[in-house]
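Visitor: According to my numbering, the stretch in the sequence shown is residues 159 to 375, in order. One structure coming up, written as structure tokens, with questions to follow.
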Amino acid sequence: MLTKSEENYIKEIYTLETEHRTDVNTNLIAEKIEAKASSVTDMLKKLAKKDLLVYQKYKGVKLNNEGKKIALSIVRKHRLWETFLFEKLNFEWDEVHEIAEQLEHIHSEKLTNQLDAFLNYPKVDPHGDPIPDANGKISTIKTICLSQLKIGETGVFIEVKNDSEKFLKYLTKNNLTLGTIIKVIDKEEFDNSLKIEIENKQFNISEDVIKNIYLKK
């Protein structure tokens, strides 16, 4: 059985691989988990010895099939717990991540499967991230970044890439929640900010906000 720390590394490597579509280097992992590069290297060597990833010095790291299987299992548990906390216990979407970080390390396949069934097999979590099924398969929905909308176009907000508490609170404060219809009113070339409209209310949002909002047209 893997330690909590080992599971966290595997999940973060999977996340980075998914985001960057390539092998992940040590510095990127260190930045993501806020650890020293030397500590990351030691852990990668340990996980390589357990045959969960391929590690090459100076070239980066890539999960093998067994590593991906474990990562998807952890991600599945995390997102199911987030959904349970949000839908059944009335937690806000900015509150569920930290709690799910603890619950994802419970090693009970029966519990996970029954939780999935209890929630009626949800496809996405409260942040719009897809939930892997029991076989590790993910149903993906084609999305576009808000930055890709042209002036006058609209889209439905269905996924947020930044699930930090501060960012989600900001979105809630501005009524930017999943399911919201967003219309682009104007674009500012100077700083790539946008003027958008939600329920007849117009306001400006920065590029840092825009790049984390994904829509279905």
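Note that CB positions come from ideal geometry on N, CA and C, so glycine has one too.
Could you tell me whether the Cβ atoms of residue 171 and residue 182 are closer together than 8 Å?
Guide: The residue given as residue 171 occupies position 13 in the sequence shown. The residue given as residue 182 occupies position 24 in the sequence shown. Yes, Cβ-Cβ distance for residue 171 and residue 182 is below 8 Å.
Visitor: Look up residue 223 in the DSSP assignment and say whether it is helix, strand or coil.
Guide: Along the sequence shown, one-based indexing puts residue 223 at 65. Helix.
Visitor: Any idea which residues DSSP pairs residue 288 with across the strands?
Guide: Within the sequence shown, numbered from 1, the residue matching residue 288 stands at position 130. Paired residue(s): 282.
Visitor: Measuring CA to CA, which of 233, 221, 367, 177 is closest to residue 294?
Guide: Numbered from 1 along the sequence shown, position 136 holds the residue referred to as residue 294. When each option's Cα is compared against that of residue 294, the closest is 233.
Visitor: In whole angstroms, what is the alpha-carbon distance linking residue 166 and residue 372?
Guide: In the sequence shown, residue 166 corresponds to position 8, counting from 1. In the sequence shown, residue 372 corresponds to position 214, counting from 1. Whole-angstrom Cα-Cα distance: 26 Å.
Visitor: Drop a sphere of 10 angstroms on the beta-carbon of residue 240, count the other beta-carbons inside from all chains shown, and report buried for 16 or more, exposed for fewer.
Guide: Numbered from 1 along the sequence shown, position 82 holds the residue referred to as residue 240. So residue 240 ends up on the buried side.
Visitor: Can you tell which of 340, 238, 243 has its C-alpha closest to the C-alpha of residue 306?
Guide: Stepping through the sequence shown from its first residue, residue 306 is reached at position 148. Nearest C-alpha to residue 306: 340.
Visitor: Using DSSP's beta-bridge definition, name the partner residues of residue 313.
Guide: Along the sequence shown, read from residue 1 onward, the residue named residue 313 stands at position 155. Partner(s): 340.
Visitor: Leaving out five residues on either side along the sequence, give the residues of the same chain with a beta carbon under 8 Å from the beta carbon of residue 141.
Guide: What the structure shows of the chain is the stretch from 159 to 375, and residue 141 is not part of that stretch, so it cannot be assessed.
Visitor: Please return the same chain residues whose Cβ sits closer than 7 Å to the Cβ of residue 283, not counting the five positions on each side in sequence.
Guide: As a working note, residue 283 is residue 125 in the sequence shown. Cβ neighbours of residue 283 beyond the five flanking positions: 237, 240, 241, 289.
Visitor: Taking a contact to mean a Cβ-Cβ separation below 8 Å, would you say residue 205 touches residue 164 in this structure?
Guide: Within the sequence shown, the letter at position 47 stands for residue 205. Within the sequence shown, the letter at position 6 stands for residue 164. In contact: residue 205 and residue 164 (Cβ atoms closer than 8 Å).
Visitor: With a 10 Å radius around its C-beta and 16 neighbouring C-beta atoms as the bar for buried, classify residue 219 as buried or exposed.
Guide: On the sequence shown, residue 219 is found 61 positions in, with the first residue counted as 1. By the neighbour-count rule (16 or more Cβ atoms within 10 Å), residue 219 is buried.
Visitor: At the level of alpha carbons, what is the spacing between residue 222 and residue 355?
Guide: By one-based count along the sequence shown, residue 222 stands at place 64. By one-based count along the sequence shown, residue 355 stands at place 197. Whole-angstrom Cα-Cα distance: 45 Å.
Visitor: Using a threshold of 8 Å, state whether the C-beta atoms of residue 330 and residue 315 are closer than that.
Guide: Your numbering for residue 330 matches position 172 in the sequence shown. Your numbering for residue 315 matches position 157 in the sequence shown. Against a cut-off of 8 Å, the Cβ pair of residue 315 and residue 330 comes out as no contact.
Visitor: Could you tell me the alpha carbon to alpha carbon distance between residue 311 and residue 263, rounded to whole angstroms?
Guide: Here residue 311 refers to the residue found at position 153 when the sequence shown is read from its first residue. Here residue 263 refers to the residue found at position 105 when the sequence shown is read from its first residue. Taking the straight line joining both Cα atoms gives about 42 Å.
Visitor: So is the beta-carbon of residue 375 under 7 Å away from any non-hydrogen atom of the ligand ADP?
Guide: As for the ligand ADP, it is missing from this structure, which has no ligand bound.
Visitor: Which partner residues does residue 355 have in the DSSP bridge list?
Guide: What you label residue 355 is simply residue 197 of the sequence shown in a count that begins at 1. Beta-bridge pairing links residue 355 to 341, 360.
Visitor: Rounded to the nearest angstrom, what separates residue 349 and residue 361 at their Cα positions?
Guide: To locate residue 349, count along the sequence shown from 1; it is residue 191. To locate residue 361, count along the sequence shown from 1; it is residue 203. Distance between the alpha carbons of residue 349 and residue 361 is about 15 Å.
Visitor: Assess, as a yes-or-no matter, whether the segment 316 to 335 is touched by the segment 250 to 270 under the definition of 3 or more beta carbon pairs within less than 8 Å.
Guide: Touching, yes.
Visitor: Buried or exposed: where does residue 178 fall if 16 or more other Cβ atoms within 10 Å of its Cβ makes it buried?
Guide: For the purposes of this step, residue 178 is identified with residue 20 of the sequence shown, where counting begins at 1. By the 10 Å Cβ count, residue 178 comes out exposed.
Visitor: Alpha carbon to alpha carbon, how far is residue 301 from residue 357? Give it in angstroms, no decimals.
Guide: Indexing the sequence shown from 1 puts residue 357 at position 199. Indexing the sequence shown from 1 puts residue 301 at position 143. Distance between the alpha carbons of residue 357 and residue 301: 22 Å.
Visitor: Residue 184 and residue 199 - do their beta-carbons sit closer together than 8 Å?
Guide: Looking up residue 199 in the sequence shown gives position 41. Looking up residue 184 in the sequence shown gives position 26. Contact: yes.
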